[in-house]
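K.L.:
Heads up: the protein sequence lines correspond to chains A, B, C and D, in order. Under the numbering used here, the residues of the first sequence are numbered 1 to 336, in order. Under the numbering used here, the residues of the second sequence are numbered 337 to 672, in order. Under the numbering used here, the residues of the third sequence are numbered 673 to 1008, in order. Under the numbering used here, the residues of the fourth sequence are numbered 1009 to 1344, in order.
Number of protein chains: 4
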Amino acid sequence: MIIVLKPSTAPEQLLAFTEKLKNDYGVRINRWDGVHSTVLGLIGDTTQVDIEYIEAQDIVESVKRVQEPYKKANRKFHPENTAVKISDTVTIGDGSLHIMAGPCSVESEEQIVGIAKSVQQSGATLLRGGAFKPRTSPYAFQGLKSAGLDLLKTARKETGLPIVTEIMRVSHIDMFENVDVIQVGARNMQNFELLKELGKTDKPILLKRGLSATIEEWLMSAEYIMAGGNDKVMLCERGIRTYETFTRNTLDISAIPVIKRLSHLPVIVDPSHAAGKSWLVEPLAMAAVAAGADGLIIEVHNDPPHALSDGAQSLTPQQFDGVASKLLSLKKALTQ
Amino acid sequence: MIIVLKPSTAPEQLLAFTEKLKNDYGVRINRWDGVHSTVLGLIGDTTQVDIEYIEAQDIVESVKRVQEPYKKANRKFHPENTAVKISDTVTIGDGSLHIMAGPCSVESEEQIVGIAKSVQQSGATLLRGGAFKPRTSPYAFQGLKSAGLDLLKTARKETGLPIVTEIMRVSHIDMFENVDVIQVGARNMQNFELLKELGKTDKPILLKRGLSATIEEWLMSAEYIMAGGNDKVMLCERGIRTYETFTRNTLDISAIPVIKRLSHLPVIVDPSHAAGKSWLVEPLAMAAVAAGADGLIIEVHNDPPHALSDGAQSLTPQQFDGVASKLLSLKKALTQ
Amino acid sequence: MIIVLKPSTAPEQLLAFTEKLKNDYGVRINRWDGVHSTVLGLIGDTTQVDIEYIEAQDIVESVKRVQEPYKKANRKFHPENTAVKISDTVTIGDGSLHIMAGPCSVESEEQIVGIAKSVQQSGATLLRGGAFKPRTSPYAFQGLKSAGLDLLKTARKETGLPIVTEIMRVSHIDMFENVDVIQVGARNMQNFELLKELGKTDKPILLKRGLSATIEEWLMSAEYIMAGGNDKVMLCERGIRTYETFTRNTLDISAIPVIKRLSHLPVIVDPSHAAGKSWLVEPLAMAAVAAGADGLIIEVHNDPPHALSDGAQSLTPQQFDGVASKLLSLKKALTQ
Amino acid sequence: MIIVLKPSTAPEQLLAFTEKLKNDYGVRINRWDGVHSTVLGLIGDTTQVDIEYIEAQDIVESVKRVQEPYKKANRKFHPENTAVKISDTVTIGDGSLHIMAGPCSVESEEQIVGIAKSVQQSGATLLRGGAFKPRTSPYAFQGLKSAGLDLLKTARKETGLPIVTEIMRVSHIDMFENVDVIQVGARNMQNFELLKELGKTDKPILLKRGLSATIEEWLMSAEYIMAGGNDKVMLCERGIRTYETFTRNTLDISAIPVIKRLSHLPVIVDPSHAAGKSWLVEPLAMAAVAAGADGLIIEVHNDPPHALSDGAQSLTPQQFDGVASKLLSLKKALTQ
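#1: Compile a chain-ordered list of the residues in the segment 339-366 of chain B whose CB is closer than 7 Å to at least one CB of chain C.
#2: Using 8 Å as the threshold, is the C-beta distance between glutamate 39 of chain A and valine 63 of chain A below it?
#3: Buried or exposed for tryptophan 368 of chain B, please, with buried defined as at least 16 other CB atoms from any protein chain shown within 10 angstroms of its CB.
#4: By the criterion of Cβ-Cβ separation under 9 Å, what are the contact partners of histidine 36 of chain A in chain D?
#5: So alanine 648 of chain B contacts chain A; which residues on that side make the cut at Cβ distance below 7 Å?
#6: According to the neighbour-count rule (16 or more other Cβ atoms, all chains shown, within 10 Å of its Cβ), is tryptophan 1226 of chain D buried or exposed?
#7: Under 8 Å by Cβ, that's how I've got proline 602 of chain B and isoleucine 379 of chain B pegged, so tell me the actual separation to the nearest angstrom.
#8: Mind pulling the beta strand (DSSP E) runs of 3 or more residues that sit fully within the segment 771-835 of chain C?
#9: Where in the segment 575-620 of chain B do unbroken runs of the alpha helix (DSSP H), each at least 4 residues long, occur, reported from the N-terminal end onward?
#10: Which residues mark the beginning and the end of the alpha helix (DSSP H) in which serine 325 of chain A is found?
#11: In the segment 15-63 of chain A, which residue ranges form an unbroken beta strand (DSSP E) of at least 3 residues, counting only runs that do not cross its ends?
#12: Kindly indicate the opening and closing residues of the alpha helix (DSSP H) around leucine 769 of chain C.
#13: Contact check, leucine 1000 of chain C vs leucine 769 of chain C under 8 Å by CB: the rounded distance?
#14: Would you mind stating whether arginine 241 of chain A and lysine 208 of chain A have Cβ atoms separated by less than 8 Å?
#15: Who are threonine 1017 of chain D's beta bridge partners in DSSP?
#16: Consider the Cβ of threonine 671 of chain B: report whether some Cβ of chain D lies at a distance smaller than 8 Å.
#17: Report the residue from B:Val659, B:Ser650, B:Lys469, B:Lys358 whose alpha carbon sits nearest the alpha carbon of isoleucine 503 of chain B.
#18: Kindly list the residues whose CB is nearer than 8 Å to the CB of threonine 490 of chain B, restricted to its own chain and excluding five residues on each side of it in sequence; keep chain order.
#19: In the DSSP assignment, what are the bridge partners of leucine 534 of chain B?
#20: Kindly indicate if chain C contains any beta-carbon less than 8 Å away from that of threonine 91 of chain A.
#21: Could you tell me whether the segment 159-177 of chain A touches the segment 186-197 of chain A, where touching means 3 or more Cβ pairs closer than 8 Å?
#22: Provide the residue span of the alpha helix (DSSP H) that contains glutamate 1076 of chain D, from first to last.
#23: Using DSSP's beta-bridge definition, name the partner residues of glutamate 1174 of chain D.
#24: I'd like the span of the alpha helix (DSSP H) that includes isoleucine 379 of chain A, first residue to last.
#25: Give me, in chain order, the residues of the same chain whose beta-carbon lies closer than 8 Å to that of phenylalanine 1184 of chain D; leave out the 5 immediate sequence neighbours on both sides.
#26: I'd like to check one pair, glycine 521 of chain B with tyrosine 560 of chain B: are the Cβ atoms closer than 8 Å?
#27: Count the C-beta pairs between the segment 407-417 of chain B and the segment 593-601 of chain B that are closer than 8 Å, then say yes if the count reaches three, no if not.
#28: Between methionine 772 of chain C and isoleucine 969 of chain C, how many whole angstroms is the CB-CB distance? I'm expecting something under 8 Å.
#29: Is there a Cβ of chain A sitting closer than 8 Å to that of phenylalanine 528 of chain B, yes or no?
#30: Check the Cβ-Cβ distances between valine 711 of chain C and every residue of chain B, and say whether any is below 8 Å.
#31: Taking Cβ-Cβ distances below 8 Å as the criterion, which residues of the segment 1215-1240 of chain D are in contact with chain B?
#32: Determine the burial state of lysine 1285 of chain D: buried for a count of at least 16 other Cβ atoms within 10 Å of its Cβ, exposed for fewer.
#33: Residues in its own chain within less than 8 Å of proline 1087 of chain D by CB, not counting five upstream and five downstream?
#34: Within the continuous beta strand (DSSP E) that includes methionine 1242 of chain D, where are the two ends?
#35: Quick one: which residues of the segment 1242-1255 of chain D get their C-beta closer than 8 Å to a C-beta of chain C? List them in chain order.
#36: Check the C-beta distance from valine 699 of chain C over to threonine 718 of chain C and give it rounded, since I have them as a contact under 8 Å.
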């Protein structure tokens, strides 16, 4: 950590400050005097140093971290890729490509079982579906809730596909005991109370990036879960909020290689929510695979115009079949 | 609601679609045929119409709302300003200016009582202080929790100032029973489960704007609380996330007059979090008053360099005294 | 175009307004009366209708375009892809993949000829290089200027590669007469005077997207050039400005399929400027090809640490050789 | 300037690098070795150091400027406020408040003279009006051009108000010889060729902030003009591009105090373009004055619904009279 002091700093202030840093954090300090400012370099483990405390000092002009503030999610301290085992046949992050597919909302047994069978045949290896739905409007359909979870389990029984579904509330964790992958939605990425509790479970977590979260904040949210003892975290890029309005969000394709460099955790891409338009799903999914994603999560609905939520971005099973086939061919070509 | 259809729409598709809209939503439909497209206008109450359902139709090119999707928060249906009564002496939204002041985190009885007395003397009419703290890092100080709530109550007893503090979890609602104003932080603005539960209480709620929430989404979150029966909602602008990095966030000063026009709810401004730098608090607070804010929430710490969180943006009691005096003079000049 | 009127509109105002619209723009008007508002639909060619004029009317609440404001760049009126012929062997937009490569700045004959030969061997089909450099700081190296152009021509003579270089000023157009592709930089995307003059030439133009330009604004800038009679426009996505700071810009990968749908013009992607880091060039370039780009423009420098500008994002010729080989293999796999 | 090196740096690389820095830039270097990295501090004048050169080094992990990259615009080297004298009676930046008012576009002698007289009576001290108009669409009205300049001069003759108008092209500089303040529009903020040429004149320049320019980039554009010898630069905040779409742009009110701290140049605020809606002009202008702006530039049109451009955000002369009166009263109250 590098601290730039104001030119006006008095020698006794400087002394008091450096003594305090040494005592509080056990760091060593290197100092040099420039023309307009004095600079301090902290040597040692600075993860515990509260950057806000430093910035609050009257004598401090600016602070720069040299070391990242996350540890467990950091590739520096964990050089090999983390592979998250979901079931006997599904491991994410081991170099293979996995496609999670299914409807935005679970609506009926017929719907979810039908879609599950269909996407499985097209090559999907996990089933996604929303039982609890975060909706901007209190007047919109909020999901089938626990009945939806039951229907997902029925579909799993019929197909063997592990299920991925979103949690919205700490008190529901017990209810999700039998779910294979628990999804944390973008709007809850910094619901720290939920993250802490999920850290106490041993469930694989799919952590979506917040609407305007930086990559560092996203990794810090992963760190919340991992700090609790659960290291089965997968990061899901789903588009960020920008000034461009043609697409619902802007898929940050760079996030894939950046996460791969900074962290050892697997990266999944959600082209459906990023785009908000079904005709954009294919090109964005192709791009994600070419950029190195470990998996995709794609909305598929047997009858998009009658979907109870997010129909505009859903593929039909037939469309999905074409897209999945291209994605799997691309992955094959890239690994040859 | 206006629906633009694709040029390729067949007459029988059009017929089926319009019949469905009439039956499902009880709306009347006006249609006209342009050169390149057909346009439908829905007449009646369209708040219930699911815009995503419409967008998902194969035959639909785009949709535009004419009516806002929020009702209870909408000035159209509630033309007079809402004034939220907090205590016998404090009502927010009645044309007066209220300043909420206090430390980011409650740290000790001496600290909070000392600050409370000091800010009261300077003109503050509510005491703010964090007991539960949402922190980006799992390794940072997370607040004194319930002990912090107790200390706030002690400070209230000593000064009579109503207290404002942040809630982070549904299961804490009972613990906040004796708090005067419950704050929902920016990161929880779309924690819909929390909003729903707060809607069942009769507590005044200070709803902070999400880091990258649009004004419409913010009003929809207010609507979540109000739909549950609690109409004591105050909206707090605290800066939005933009590309500019000199300030921590960009204070959206326009949000004040925009909310005043779209809604009847009071608007509070938080210049401390918007700026992230204490020397920016005064000019931003002055701007907020000049633009019509009903109140301000300002961080004050007796010893900012030793604050356990957010010290960089805190004023000392002496600085606050100067700022509060200017703000109250400005308010007076504006209302003469 | 759809115009929503305020509820307070008087019948005589409505009449006067609709008459004026009919007379000024030769459009027909369809009107319907909703519960809270009256809506007008304009039928006919609305490209000429000044949306700002409409919005300025006291009686107007909001306006929505149904038709895009660009014509010549619009795929609706030009369904086939435009292929821009640069030389006897290079045509962009015909389904093939072209790689433009070279240094940010031309520095010496040895440098530019050496890089040209090297990138040609690796598969590049055009040579890029900056002679006039737009730099944020007036104190930074501004390019070799006309001497740089001469060196590019020397490199072209040695290799046969067509050259791509940036123009910054209307008065330089004559000097660029013998350049194969004239690049308009992001900062000049809305330098309308320059666009108008380039519209009078018959040179292929590579129009970079502005730092925070919407896709519609970008297409309108293409329209400026095309309205002058020059339809050889190629659009270059180079990353947009967002709140994320880890990458210099955020590559908007969605822009590729979106432009392909809205327009018939070729799309080139610049992964070097988007990322600002050389290790991100490969994954972003791969993503661009998978998403359907017609070409790439990649910075290559024989000695990046000693490059006079933008070294951090340049590849060495050896690195470029590896990347180009993967890109061409990917393109081949995708077209099989 | 602080340079963090990669852990893998070899001693001989380090030596070669530090020698080069010393020789090329005449700086002294302080170095310390941390646990994971080595850090170099450059002491001396680092304005000339090319940050991109540093970042391009293989051995460099990151670089941080301690000193700002601008000099002439920097308050550190010029502590007193710069006051720009426009005419015998108008000096901007001396603590007084100046209002520039007038139509977006000059349309006729009757229009511009009428508005000039009216706004002068309401308290405006400069007349603004566009003769050359940058328009997104090539099909929109582009201004009366040189005839518009003549009409502005007529209005100046009639009222004595100095005139402010926008330049779009280097070759027009001679034509602007007799203009009092030359405006550089947001879209040309980084048209460096234009800035360089304006630096050779002695005209007061009103430099609008680019649509998504950082404060540092904006100051660097001022530096371009000042580096040429012209220090009569005024900075105009006009709203930045964000994800929020309710307002046309987001007025960055913080920019006023930030510029006042970093620079000695005057700050003008344009509430009309920031908001894009006439009813927002008053509250935003009030906020700007309360935050410390030296002036305002406000669009006024005698007949907004028939304005040839930007009518939606224009005030009528009657509305302007009310707004100007409130602004001048506020300024008086603030300086008492």
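Note that CB positions come from ideal geometry on N, CA and C, so glycine has one too.
P.N.:
Taking the definition as stated:
#1: Val340, Asn366
#2: For the sequence presented, residue 39 of chain A should be read as valine rather than glutamate. Contact: no.
#3: buried
#4: Val1074, Gln1075, Lys1084
#5: Glu52, Glu55, Ala56
#6: buried
#7: That pair is no contact at about 33 Å.
#8: 798-800
#9: 591-598, 607-611
#10: 317-335
#11: 28-33, 38-43
#12: No alpha helix (DSSP H) contains leucine 769 of chain C, which DSSP labels as neither H nor E.
#13: 7 Å
#14: It is not a contact, given that the beta carbons lie outside the stated cut-off.
#15: Per DSSP, none; premise fails for threonine 1017 of chain D.
#16: Look at threonine 671 of chain B: its C-beta is not under 8 Å from any C-beta on chain D.
#17: B:Lys469
#18: Glu445, Ile448, Val449
#19: Leucine 534 of chain B is not bridged to any residue.
#20: No, threonine 91 of chain A does not count as interfacial toward chain C.
#21: yes
#22: For glutamate 1076 of chain D, no alpha helix (DSSP H) segment is defined, and its DSSP state is neither H nor E.
#23: D:Gln1191
#24: Examination of residue 379 of chain A is not possible in this model, given that chain A is present from 1 through 336 alone.
#25: Leu1157, Thr1173, Ile1175, Ile1190, Lys1211
#26: Their beta carbons are not under 8 Å apart, which means tyrosine 560 of chain B does not touch glycine 521 of chain B by this criterion.
#27: These segments touch.
#28: Correct: roughly 4 Å between the Cβ atoms.
#29: The beta carbon of phenylalanine 528 of chain B falls within 8 Å of a beta carbon belonging to chain A, placing the residue at that interface.
#30: At least one chain B Cβ lies under 8 Å of valine 711 of chain C.
#31: Ser1220, Thr1222, Ile1223, Glu1224
#32: buried
#33: His1272
#34: 1241-1245
#35: Arg1249
#36: 6 Å
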